[in-house]
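The structure appears right after this line, and notes come after that.
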Amino acid sequence: MNTPVIYKISSLISDKIYVESAVNFKKRHNRHISDLNLKRHNSPKLQCFVNKHGIECLIFSIIENVEDRELLIEREQFYIDTLKPWFNIRLIANSPKGLKASDETKRKMSIAQTGKKRNFLPEHIASLIERNKSKIWSDEAKLKISNANVGRIKSEDVRKNHSKKMKGRKLSPEHAAKIGKANIGRPISQKTRDAVAEQNRNRVVSDETRNKLSESGKIRWQKFNLNK
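Those letters in the sequence shown? Residues 0 to 227, by numbering that gives the first Met the number 0.
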C-alpha cells in the first residue's frame, strides 16, 4: 500500500519550488511529467518554466511521509505556509483524489477565495478553453451550475463584457431555438424593461430590418386570426 507523502518539485537553476501532497507519489509524478510535456499543467508558472528551460531542469523529491491520511492536507498546508512555493497557484491545500477535506478545511478554503481576483496567464486561459471545447457535461453537473447561478447578480463590467462579446455574433437556428424555449414564461423585471426601452429609444433600424419586422408581424397576425 502506498504511503501518502508531501513532495516538492524544485528548479535546478533557481530557488523556486512547487509543493503538493499525493496518496500515490509515483502516479502523481508521472501525471506531472505527462501534463508538462502536453503543455496542459495546472500551474501556468511551472508550465512556462518548462517551456523555457526544459523538463530536465526540474527535480522531484519527497519532503515527508505522512502515515495518517487524515493529516495529509494539514501537513501540505504547513509546508505551503512555511516554504511559500513560487510555482503554486493555489496556496490553500486541497483534497487529493481519494481523500475528502474536512468541513473546517472547506470553510477556510472558501474564506480564502472570497473576493479574490483570479489573474490567469494567457497560456492558462488558452489551455482551459481548449480543454473545455470537447468536455461533455453530465445532467447532474448542468443542474449544479444552474442552481449555483440562481439569484447571482452580475457586475456592470461583466454585463458589458458579455454584451461586447455577443455583439454581431450569429447564432445557429438550434441555439436560437433553445434560447427562445428557455425564455418562455420567464418573468422580466421592470428594471430590464426600462433598460431595453432605453436602448431601443435611439436605435436606428435599417430598411431591411423594418421589412423583416413587418413581415413577421403579418405572419403573427394571420396566425392569430386563424386561431380565433
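Quick reminder that beta carbons are idealized off the backbone N, C-alpha and C, glycines included.
Chain-order list of residues whose beta-carbon lies under 7 Å from that of residue i (same chain, five-residue window excluded)
i: Lys15; result: Trp85 and Phe86
Spatially closest choice to residue i from the options, by CA coordinates
i: Ser9; options: Ala181, Ile58 and Lys153; result: Ile58
Beta-carbon proximity of residue i to residue j, cut-off 8 Å
i: Val22; j: Pro43; result: no
i: Arg74; j: Ile5; result: yes
i: Val18; j: Ile79; result: yes
i: Cys47; j: Ile12; result: no
i: Val49; j: Leu35; result: yes
i: Ile62; j: Lys7; result: yes
Nearest-angstrom Cα separation, counted from residue j out to residue i
i: Gly53; j: Ser33; result: 13 Å
i: Lys96; j: Lys25; result: Since pLDDT at Lys96 reaches only 45, below the 50 mark, its modelled position is unreliable, and the value read off the structure follows with that caveat. Each residue's alpha carbon lies about 14 Å from the other.
i: Leu98; j: Lys141; result: Low confidence applies here, because Leu98 scores a pLDDT of 48, under 50, leaving its location unreliable; read the following figure in that light. Roughly 24 Å between the two C-alpha positions.
i: Lys143; j: Arg200; result: 38 Å
i: Glu207; j: Ala147; result: 41 Å
i: His40; j: Pro172; result: 37 Å
i: Ile251; j: Glu139; result: Given that the chain is displayed from residue 0 to residue 227, the structure contains no residue 251 and the question cannot be resolved.
i: Ile261; j: Asn210; result: Residue 261 falls outside the range modelled here, since the chain spans only 0 to 227, and no answer is possible.
i: Leu90; j: Leu45; result: 14 Å
i: Glu129; j: Ser213; result: 42 Å
i: Leu82; j: His31; result: 20 Å
Same chain, Cβ closer than 6 Å to residue i, five either side skipped, listed in chain order
i: Arg27; result: Ala21
i: Pro186; result: none
Coil, strand or helix - residue i by DSSP
i: Leu90; result: coil
i: Val195; result: helix
i: Trp220; result: helix
i: Ser60; result: strand
i: Lys7; result: strand
i: Ile72; result: helix
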